[in-house]
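J.:
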Amino acid sequence: MEIMLVNVWAAVLAFAVFMYVLMDGFDLGVGILFPFAANDGHRDLMMNSVAPVWDGNETWLVLGGGGLLAAFPLAYATLLPAMYFPVLLMLIALIFRGVAFEFRFKAHTSRRLWDVAFHGGSVAATFAQGIVLGGFIQGFETQDGRFSGGAFDWLTAFSVFTGFALVAGYALLGATWLVMKTEGDLQRWARSHARRLVWLLIAAVIIVSLWTPWLDESIAARWFSWPNLLFFSPVPVLTALCMWQLVRALDRGAEYQPFIYALVLFWLSYSGFIISLWPHVIPPRVTIYEAAAAPEAQLFLLIGVGFLVPAILAYTAYTYWVFRGKVRPGEGYH
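137 is the number of the first residue of the sequence shown in my numbering; add one for each residue after it.
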């Protein structure tokens, strides 16, 4: 029973993190691309395309952070001090970005300031998330269940690269979202950028995939030992196939398929991340079973989550259904 509860909570948190990456990834990507649009009219449409859904997307971040504290308090107590500065940067950036949503359409003389806040917050939040990802893959120094490393152990060449890689990935999500949600000149502009970004992301995925096993011998053994090599081979094969289909969809002028393929590409990359580190929640030593809260606490909290997650999924689906279709001038957030 205890092991089952831990596995269920691990699945809930993995799902919450994945949903945040997908749901907030594309609207952060729109912010990353924001200043490169041709004119203010295009920027208005870009912001209108994500304004109705962006704050709901961040619900998954709250669920992930709160769930980690509740279900795996040892992991929370280790990860927060280890990644304090990038997490702080991410939160500050998200605040700037959120304020920009509310102020930009009301401002006149200060509109450029809120454009910068929206773009800068999007880039900084994405880069910080990439830093956290890279730092997590590298692992943490612990002693007696506590973080024993330095405040800047996360700052390495690998974590900086994963930060830039995630910026490229979210920008691709944003570009394919705009291809799906807009039309005319803005859609052509977004498609052009998506074509460039997909090759940049392909290069980043290849580099991270080769770099990660080199960081830890246990990760290399997990991927390249037999029969794991056979069991896990579908992940890189499907990733290559998805990349190919994404390029083809952009070249043939498809509107919905590029965004779908980009989401699948992120899911496959996330699957590879889980395969590399499972069952460690504090790599490379502490597992989810060692970091878990008491079974009674997990069971009590799981009852609430059993109601909360379906509710979030329901209102998220309803919101996207209500705001489906193309975004056009004169419509949207005011």
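Think of the CB as a built atom: it goes at the ideal place given N, C-alpha and C, for glycine as much as any other residue.
With a 10 Å radius around its C-beta and 16 neighbouring C-beta atoms as the bar for buried, classify G266 as buried or exposed.
T.: Classification for G266: buried.
J.: Apply the 10 Å Cβ neighbour rule to S405 and answer buried if 16 or more other Cβ atoms are within range, or exposed otherwise.
T.: So S405 counts as buried.
J.: By a C-beta neighbour count over all protein chains shown, 10 Å radius and 16 as the cutoff for buried, is N175 buried or exposed?
T.: exposed
J.: From the DSSP output, in three-state form, read off H470 for me.
T.: Only weak support is given to the placement of H470: the predicted model assigns it a pLDDT of 47, under 50, and the value that follows is read from those uncertain coordinates. The answer is coil: DSSP assigns H470 none of H, G, I, E or B.
J.: Just curious, the beta strand (DSSP E) that H416 is in, first and last residue?
T.: H416 to I418 is the span of the beta strand (DSSP E), which, as asked, contains H416.
J.: Relative to the C-alpha of W313, which residue among G271, Y397 and S369 is closest?
T.: Per the Cα distances, Y397.
J.: Taking the alpha-carbon positions, what's the A304 to V157 distance?
T.: 13 Å
J.: Would you mind sorting I273 into buried or exposed? The rule is 16 or more other CB atoms within 10 Å of its CB.
T.: buried
J.: Does the Cβ-Cβ distance between A211 and A427 come in under 8 Å?
T.: yes
J.: Do three or more CB pairs link the stretch 235-242 to the stretch 206-223 at distances below 8 Å?
T.: Output reads no: the stretch 206-223 does not touch the stretch 235-242.
J.: For H470, which residues from the same chain have a beta carbon less than 8 Å from its beta carbon, with the 5 sequence-adjacent residues on both sides left out?
T.: Note on H470: pLDDT 47, under 50, position unreliable in the model; no value is reported.
J.: Among A287, A150, F409 and L224, which one has its Cα closest to the Cα of G270?
T.: F409
J.: Keeping to the same chain, check which residues put their C-beta closer than 7 Å to that of L181; ignore five residues upstream and five downstream.
T.: T318, L322, V463 and P465
J.: Take G177 and list the residues in its own chain whose beta-carbon comes closer than 8 Å to its own, dropping the five residues that flank it on each side.
T.: Excluding sequence neighbours, G177 sits near P465.
J.: Could you check the C-alpha separation between V296 and G256 for me, to the nearest Å?
T.: 17 Å
J.: Considering only residues of the stretch 388-422, which uninterrupted beta strand (DSSP E) runs meet the minimum length of 3 residues and lie entirely inside it, listed in chain order?
T.: 416-418
J.: Under 8 Å Cβ to Cβ from P360, same chain only, skipping five residues before and after it: list those, please.
T.: One detail in the question is off: residue 360 reads as Phe in this sequence, not Pro. A distance below 8 Å between beta-carbons, with the five flanking residues on each side excluded, links F360 to the following residues of its chain, in chain order: P349.
J.: Taking the continuous alpha helix (DSSP H) assigned at S284, which residues delimit it?
T.: Careful: S284 lies outside any alpha helix (DSSP H) and carries neither H nor E.
J.: When DSSP labels each residue in this structure, what does T318 get in the three-state scheme?
T.: coil
J.: Does the Cβ-Cβ distance between L230 and A207 come in under 8 Å?
T.: no
J.: Which same chain residues end up closer than 6 Å to G473 when comparing Cβ atoms and leaving out the 5 residues on each side of it in sequence?
T.: Outside the shown range of the chain (137 to 470) lies residue 473, about which nothing can therefore be said.
J.: Hey, R282 and T214: beta-carbon distance below 8 Å or not?
T.: yes
J.: Tell me which same chain residues have a C-beta within less than 7 Å of the C-beta of L437, skipping the five on either side of it?
T.: A206 and A207
J.: Counting C-beta neighbours from all protein chains within 10 Å, is the total for W362 16 or more, i.e. buried, or is it exposed?
T.: With fewer than 16 other Cβ atoms from the protein chains shown falling within 10 Å of its own Cβ, W362 counts as exposed.
J.: Quick one: residues in its chain with C-beta nearer than 6 Å to the C-beta of S185, no 5 flanking neighbours on either side, listed in chain order?
T.: K317 and V463
J.: Just the Cα atoms here: how many angstroms apart are Y425 and V417?
T.: A straight-line Cα-Cα distance of about 9 Å links Y425 and V417.
J.: Kindly indicate which three-state DSSP category T298 falls into: helix, strand or coil?
T.: helix
J.: Would you mind stating whether A150 and L199 have Cβ atoms separated by less than 8 Å?
T.: no
J.: Thinking C-beta only, is V422 closer than 8 Å to T278?
T.: yes
J.: Which residues does DSSP pair with Q434 in a beta bridge?
T.: Q434 pairs with nothing; no bridge assigned.
J.: Tell me T278's beta-bridge partners as DSSP assigns them.
T.: In the DSSP assignment, T278 forms a beta bridge with F283.
J.: Determine the burial state of V341: buried for a count of at least 16 other Cβ atoms within 10 Å of its Cβ, exposed for fewer.
T.: Counting every other CB atom within 10 Å of its CB across the protein chains shown gives V341 a total of 16 or more, marking it as buried.
J.: Rounding to the nearest angstrom, what Cα-Cα distance links V445 and D352 in this structure?
T.: 35 Å
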